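Novice:
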Amino acid sequence: MNTAAVNAIAELKQYYVEHFPSEASRVLQSLDDDQLRSETEGLAANTFEDVIDLIPPALAVSLFTEISQDVKQEFLVHAPPRLLLKVLLPVQPTTREEWFEDLQRSERIEIEHLLSFPTQSVASVMESSVGSIQIGMNVDEALDQIRVRSTENDSFAFVTDNSNCLVGRVTMQELALSHGLTPLRDLIARSEAPITVRVSENYDVVADLIGDSEIDALPVVDNEMKLVGVVRHEQLRDVVETHAQSDLQRMVGVSTEEHANSRGSLAVRHRLPWLFINLLTAFLAASVVGLFENLIAQFTALAVLLPIVAGQSGNAGSQAMAVAIRGLALREISLREWYKLSRKELFVGICNGVLIAIVCAIAVFVWSGQSIGLTIVISLSMVIALTIAGVSGLLVPMVLSRFGQDPATASSIILTTITDVVGFFVFLGIALLLAGLI
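Under numbering that gives the first Met the number 0, the first residue of the sequence shown is numbered 0, with each subsequent residue one higher.
1. In chain order, what residues of the same chain have a beta carbon less than 8 Å from the beta carbon of residue 288, not counting five sequence neighbours either side?
2. Run the proximity test for residue 371: is its beta-carbon closer than 6 Å to any non-hydrogen atom belonging to the ligand ADP?
3. Return the chain-ordered list of same chain residues with a C-beta closer than 6 Å to the C-beta of residue 179, the five sequence neighbours on each side being excluded.
4. Compute the distance between the beta-carbons of residue 334 and residue 109, then report whether it is under 7 Å.
5. Rounding to the nearest angstrom, what Cα-Cα distance links residue 12 and residue 142 in this structure?
6. Please report how far the alpha carbon of residue 457 lies from the alpha carbon of residue 393, in whole angstroms.
7. Helix, strand or coil for residue 198, going by three-state DSSP, please let me know.
8. Considering only C-alpha positions, which residue in the set 41, 46, 416 is nearest to residue 23?
9. From what residue to what residue does the beta strand (DSSP E) around residue 132 run?
10. Given that a residue counts as buried once 16 or more other Cβ atoms are within 10 Å of its Cβ, and exposed if not, what is residue 34?
11. How long is the line joining the alpha carbons of residue 28 and residue 57, rounded to whole angstroms?
12. Pull up the distance between the alpha-carbon of residue 385 and that of residue 324, whole angstroms please.
13. Please report the straight-line C-alpha distance between residue 187 and residue 168, rounded to a whole angstrom.
14. Sort out for me which residues DSSP pairs residue 156 with in a bridge.
15. Over the uninterrupted alpha helix (DSSP H) stretch that includes residue 227, give me the two end residues.
16. With a CB to CB cut of under 7 Å and the five nearest residues on each side skipped, what residues in its chain are close to residue 375?
17. Which whole runs of the alpha helix (DSSP H) in the segment 61-91 are 4 residues long or more, in chain order?
18. Can you list the beta strand (DSSP E) stretches of 3 or more residues lying completely in the segment 354-389, in chain order?
19. Report the rounded CA-to-CA distance for residue 421 versus residue 159, giving the unit in angstroms.
20. Might you give, ordered along the chain, the residues of its own chain that have their beta carbon closer than 6 Å to the beta carbon of residue 51, omitting 5 neighbours on each side?
21. Would a C-beta distance cut-off of 7 Å place residue 418 and residue 312 closer than the cut-off?
22. On the CB-based measure, 16 or more other CB atoms within 10 Å of its CB, does residue 344 come out buried or exposed?
23. Which whole-angstrom value describes the C-beta separation of residue 348 and residue 390, a residue pair presumed to lie in contact below a C-beta threshold of 8 Å?
24. Given residue 65, which residues of its chain have a CB within under 6 Å of its CB, disregarding the five upstream and five downstream residues?
25. In terms of residues, what are the limits of the beta strand (DSSP E) holding residue 121?
26. Residues bridged to residue 182 by DSSP?
27. Residues in the same chain with beta-carbon distance under 6 Å from residue 173, minus the five sequence neighbours each way, listed in chain order, please.
28. List the residues that DSSP assigns as beta-bridge partners of residue 219.
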């Protein structure tokens, strides 16, 4: 077959996967491992990501293991965090090391950080070898797929939709006793929604679920409810034991990190260095105000309005920071997405800044006795300060996380410094430029 024909077939496959994901998912899952590898060979990187997204976790790991190193590298560099977790979490660290050999140091560090879940997280006990069947099947089709794909003697199978999102579970007994043409939808309609856990959640969540219900396995899902693995009964038992041991450790204060039950001296040791840093940053912000001492003495109204700009920019930055820290903790985002996320925060900052500036301008115009100069200064300052604060609120925790620091601890201090310094400098700088109008 000539090159043109090969390329044409590859383009047709890409079109099929991108525009008919439901049918593509069903076809892909019906293929054996060799056929799947053959049919996905030569696909564009973004289409290969779609394929990984559409197939069950165990099949995704199997396919990823067999593809060429070049395709692996392309996937590792560009795939979103949840797909990286899907194919990397279940494999041994030594295997990952082989896959990471050709990555740049920065790319490797970023992926390793993405995989660095706490030792007491669901990720550390999850398996990818979970049986799943599609909700569009009937009982006979589901049993056929289970015979081909199942690697465990499970008494159940999870049911997913065409996007690999978890919608329910059925027992083998239900399948065996149902008529062969019965749609899985009918079986799911009669069953309760499955209890799930997130891959980033703590052992405590799993232990509580075990205590509250009798379950032999917990499906593990990502933030889009897509099935990524399962925690089985054996692991659940180990989790309960570990949970009990950690409770004993907390009772005697055996911990290397501060938590709610830590000794006061430990809390002081953890917190005091950051308070000193915060003191230095406060002096930095004060020094910015000092640069405009004469201007403030000349226009005392600026001293009244200054906290408003700093306060609003601080709140805007804190909002973006909270979303970023949550995204990092749940592995929704990574540093490689900084540009896309920064554009979003830039848009949000401008929109919020303009709307806040309008309200603020009206209030200042009335309060100042219809001073056009003060109204323009506060309006421009709000837009610029809130925009910079939003982008900073996103980037600060991402950069700290990239360098191995805890963003929840350090972000607020650094962000407060940035928002104060920027807010003061922007407001007083614009006031200096427009002093003739004030």
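Just so you know, even glycine gets a beta-carbon here, dropped at the ideal spot from N, CA and C.
Since we're looking at a predicted model, the values are computed, not measured.
Specialist: Taking the coordinates as given:
1. Counting only Cβ-Cβ distances below 8 Å, and skipping sequence neighbours, we find 295, 305, 423, 427.
2. Absence of the ligand ADP is noted for the structure shown, with no ligands found whatsoever.
3. So the list reads 138, 139, once near-sequence residues are dropped.
4. For the pair residue 334 and residue 109, the CB atoms are nearer than the 7 Å cut-off.
5. Straight-line spacing of the CA atoms in residue 12 and residue 142 works out to 27 Å.
6. Outside the displayed range of the chain (0 to 437) lies residue 457, so it cannot be described from this structure.
7. Note: residue 198 maps to coil in three-state DSSP.
8. Minimum Cα distance to residue 23 is reached at 46.
9. Taken as a continuous stretch (DSSP letters only), the beta strand (DSSP E) holding residue 132 covers 131-133.
10. Label assigned to residue 34: exposed.
11. Their backbone Cα atoms lie some 11 Å apart in a straight line.
12. Whole-angstrom Cα-Cα distance: 19 Å.
13. Whole-angstrom Cα-Cα distance: 7 Å.
14. Answer is 169.
15. Premise fails: residue 227 lies in the beta strand (DSSP E), 226-231, not in any alpha helix (DSSP H).
16. Listed in chain order, the non-local C-beta contacts of residue 375 below 7 Å within the same chain comprise 433, 436, local neighbours out to five positions each way being set aside.
17. For the segment 61-91, whole alpha helix (DSSP H) runs of length 4 or above, ordered along the chain, are 68-77, 80-87.
18. The qualifying runs do not exist here; there are none.
19. So the two alpha carbons sit approximately 49 Å from each other.
20. Answer for residue 51: 59, 82, listed in chain order.
21. Contact check for residue 418 against residue 312 passes: the beta carbons are separated by less than 7 Å.
22. By the 10 Å Cβ count, residue 344 comes out buried.
23. Yes, residue 348 and residue 390 are in contact; Cβ-Cβ is about 6 Å, under 8 Å.
24. The answer, listed in chain order, is 36.
25. Residue 121: not part of any beta strand (DSSP E); DSSP gives it neither H nor E.
26. For residue 182, which the question treats as bridged, DSSP gives the partners 137.
27. So the qualifying residues of the chain are 186.
28. DSSP, once it has assigned bridges, lists 196, 228 as partnering residue 219.
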